[in-house]
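Peer 1: Right, I'll just put the structure down here and ask away after.
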Amino acid sequence: MSDDIKPRLRVPTTAKKGEVVEIKTLITHLMETGQRKDADGKIVPRLIVNTMKVTYNDKPVLTAKLEPAIAANPFLSFFLRVEESGTLKFTWTDDKDQSWTAESKIDVA
Amino acid sequence: MTRMGLLNRRSALLAATGAAAGAIAAVIASRNAWATQDSVKEWLAGQIKGAKDGPKEGKVTLKAPEIAENGNAVPVTVSVESEMSEKSYVKAIYVAADGNPNPGVMIWELTPLAGKAEVQFRARLAQTQKLVAVAEMNDGSLFTASREVKVTIGGCGG
Chain A
2 MSDDIKPRLR VPTTAKKGEV VEIKTLITHL METGQRKDAD GKIVPRLIVN TMKVTYNDKP
62 VLTAKLEPAI AANPFLSFFL RVEESGTLKF TWTDDKDQSW TAESKIDVA
Chain B
128 MTRMGLLNRR SALLAATGAA AGAIAAVIAS RNAWATQDSV KEWLAGQIKG AKDGPKEGKV
188 TLKAPEIAEN GNAVPVTVSV ESEMSEKSYV KAIYVAADGN PNPGVMIWEL TPLAGKAEVQ
248 FRARLAQTQK LVAVAEMNDG SLFTASREVK VTIGGCGG
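As you go down the protein sequences, you meet chains A and B in turn.
The opening position of the first sequence corresponds to residue 2 in my numbering, with each subsequent residue numbered one higher.
The opening position of the second sequence corresponds to residue 128 in my numbering, with each subsequent residue numbered one higher.
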């Protein structure tokens, strides 16, 4: 199942020094709420991506904590102030402690 | 296919959707132990530690559609009127809802590196309900905004 979980990013490749840029992320994940019942009437256990951590050059940018009330394939968007060239790193973790990472480089011209 | 045919099909679909929404609403009404305004307050209080005063209205803008046809993915934007400097920044944004099985929706813990206090995500809303956002500033002060979203088809397949 973890094979079909893919993070997607939209991050600009260049920015001016001090520019605030918009970052968009999406990870394909069912986000099973733990409320749904299967065909036999048994509750399908909760399995959601519960955290997304973002760092820029290893400095923390933000941590997003997700609850089951976040839609499947969670799309999260935020802003980043770019003072220097660097690497933006993302780590998503789910209820089974599986994690996925992605990164993207930004060049300050 | 003629235009008339298309229109008929559309209105038939609309009628079917309406009926389904009615059925779901009936199911929801028969359940209990869902989030309430009180459990939203409790959840927020549990997340925001050490706040002296309750949140004040203002500074926070909560954008969401007035009517969401599909509660499975309702786009929500929360922005806070604040700089994002080392001296003064938004430390966290908490989002809760009073009509889902659980009150919590999500928490954003921000640092000044997040240049602008604006975040976007898509929420699941089981029924028409009120979304609440609370922003915690780095000095500990709290600001809030809320918004009702009418949901045509609930987003908690159960």
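No residue lacks a Cβ here, since even glycine has one placed at the ideal position from N, Cα and C.
Bear in mind that the values here come from a model prediction, so they are computed numbers and not experimental data.
Beta-carbon of W235(B) versus every beta-carbon of chain A: anything under 8 Å?
Peer 2: Here residue 235(B) refers to the residue found at position 108 of the second sequence. Answer yes: the Cβ-Cβ gap between W235(B) and chain A drops below 8 Å somewhere.
Peer 1: Output, in chain order, the set of chain B residues within a Cβ distance shorter than 7 Å of V21(A).
Peer 2: Residue mapping note: residue 21(A) aligns to position 20 of the first sequence, counting from 1. Within 7 Å Cβ-Cβ: G242 and K243.
Peer 1: So, is the C-beta of R274(B) closer than 8 Å to a C-beta in chain A?
Peer 2: Here residue 274(B) refers to the residue found at position 147 of the second sequence. Contact of R274(B) with chain A is not assigned, every C-beta pair being separated by 8 Å or more.
Peer 1: For D108(A), report the span of its beta strand (DSSP E) as first-last.
Peer 2: The residue given as residue 108(A) occupies position 107 in the first sequence. Its beta strand (DSSP E) spans residues S100 to V109.
Peer 1: For the putative contact between A241(B) and F79(A), defined by C-beta atoms under 8 Å, what is the C-beta separation to the nearest angstrom?
Peer 2: In the second sequence, counting from the first residue as 1, residue 241(B) sits at position 114. In the first sequence, counting from the first residue as 1, residue 79(A) sits at position 78. A241(B) to F79(A), Cβ: 6 Å. Contact.
Peer 1: Report back the beta-carbon spacing between R63(A) and T52(A) to the nearest angstrom; my notes put them in contact at under 8 Å.
Peer 2: Here residue 63(A) corresponds to residue number 62 of the first sequence, with the count starting at 1. Here residue 52(A) corresponds to residue number 51 of the first sequence, with the count starting at 1. Here residue 63(A) turns out to be Leu, not Arg, going by the sequence shown. That pair is no contact at about 11 Å.
Peer 1: If the cut-off is 8 Å on Cβ atoms, which residues from the stretch 45-62 of chain A count as contacting chain B, listed in chain order?
Peer 2: Y57, K60, P61 and V62
Peer 1: Grouping DSSP H, G and I as helix and E and B as strand, with all else coil, what is A153(B)?
Peer 2: As a first step, residue 153(B) must be located in the second sequence, where it is residue number 26. Annotation note: pLDDT 49 at A153(B) (below 50); position unreliable, no value reported.
Peer 1: Between the Cα of K7(A) and the Cα atoms of L27(A), K17(A) and K18(A), which residue gives the shortest distance?
Peer 2: The count along the first sequence starts at 1 and reaches residue 7(A) at position 6. Comparing Cα positions, the closest option is L27(A).
Peer 1: Assuming contact is defined by CB atoms lying nearer than 8 Å, are E263(B) and I175(B) in contact in what I supplied?
Peer 2: Position 136 of the second sequence, counting from 1, holds the residue named residue 263(B). Position 48 of the second sequence, counting from 1, holds the residue named residue 175(B). Yes, these two residues count as a Cβ contact at 8 Å.
Peer 1: Relative to chain B, which residues along the stretch 68-79 of chain A have a C-beta separation below 9 Å, given in chain order?
Peer 2: E68, P69, A70, I71, A72, A73, N74, P75, F76, L77, S78 and F79
Peer 1: Using CA coordinates, which residue listed in G181(B), V261(B) and M211(B) is at the minimum distance from A224(B)?
Peer 2: Counted from its first residue, the second sequence places residue 224(B) at position 97. Minimum Cα distance to A224(B) is reached at V261(B).
Peer 1: Between M131(B) and the rest of its own chain, which residues show a CB-CB distance below 6 Å, the 5 nearest in sequence each way excluded?
Peer 2: Stepping through the second sequence from its first residue, residue 131(B) is reached at position 4. Residue confidence for M131(B) is low, a pLDDT of 47 falling below 50, so the modelled location carries little weight and cannot support an answer.
Peer 1: Using a Cβ-Cβ distance cut-off of 8 Å, determine whether K106(A) contacts chain B.
Peer 2: Position 105 of the first sequence, counting from 1, holds the residue named residue 106(A). False, the Cβ-Cβ gap to chain B never drops below 8 Å.
Peer 1: What does A65(A) touch in chain B if you count any residue whose Cβ is under 7 Å from its own?
Peer 2: Sequence index remark: in the first sequence, residue 65(A) carries index 64 (1-based). Ordered by position in chain B, the residues that pass the 7 Å Cβ test against A65(A) are M233 and W235.
Peer 1: Bridge partners of E236(B), per DSSP?
Peer 2: Translated into positions along the second sequence, residue 236(B) becomes position 109. Its beta-bridge partners are T64(A) and A219(B).
Peer 1: Select from S212(B), P192(B), V222(B) and A160(B) the residue whose C-alpha is nearest the C-alpha of V21(A).
Peer 2: For the purposes of this step, residue 21(A) is identified with residue 20 of the first sequence, where counting begins at 1. Per the Cα distances, S212(B).
Peer 1: Can you tell me the Cα-Cα spacing of N58(A) and K43(A), whole angstroms?
Peer 2: Numbered from its first residue, the first sequence carries residue 58(A) at position 57. Numbered from its first residue, the first sequence carries residue 43(A) at position 42. Going from the Cα of N58(A) to the Cα of K43(A) covers about 45 Å.
Peer 1: Do you know offhand how far T14(A)'s Cα is from L81(A)'s?
Peer 2: Numbered from its first residue, the first sequence carries residue 14(A) at position 13. Numbered from its first residue, the first sequence carries residue 81(A) at position 80. C-alpha separation (whole angstroms): 13 Å.
Peer 1: Which chain B residues are close to Q99(A), counting only those with a beta carbon under 7 Å from its beta carbon?
Peer 2: For the purposes of this step, residue 99(A) is taken as the residue at position 98 of the first sequence. Simply none; closest approach about 19 Å.
Peer 1: Output the distance between the C-alpha atoms of G185(B) and E196(B), rounded to the nearest integer angstrom.
Peer 2: Within the second sequence, the letter at position 58 stands for residue 185(B). Within the second sequence, the letter at position 69 stands for residue 196(B). Straight-line Cα distance between these residues: approximately 28 Å.
Peer 1: May I ask you to list the residues that DSSP assigns as paired with M264(B)?
Peer 2: Counting from one through the second sequence, the residue named residue 264(B) turns up at place 137. Answer is V217(B), bridged to M264(B).
Peer 1: Quick one: which chain A residues come within Cβ less than 9 Å of V246(B)?
Peer 2: Here residue 246(B) corresponds to residue number 119 of the second sequence, with the count starting at 1. L63, A65, L77, S78, F79 and F80, listed in chain order.
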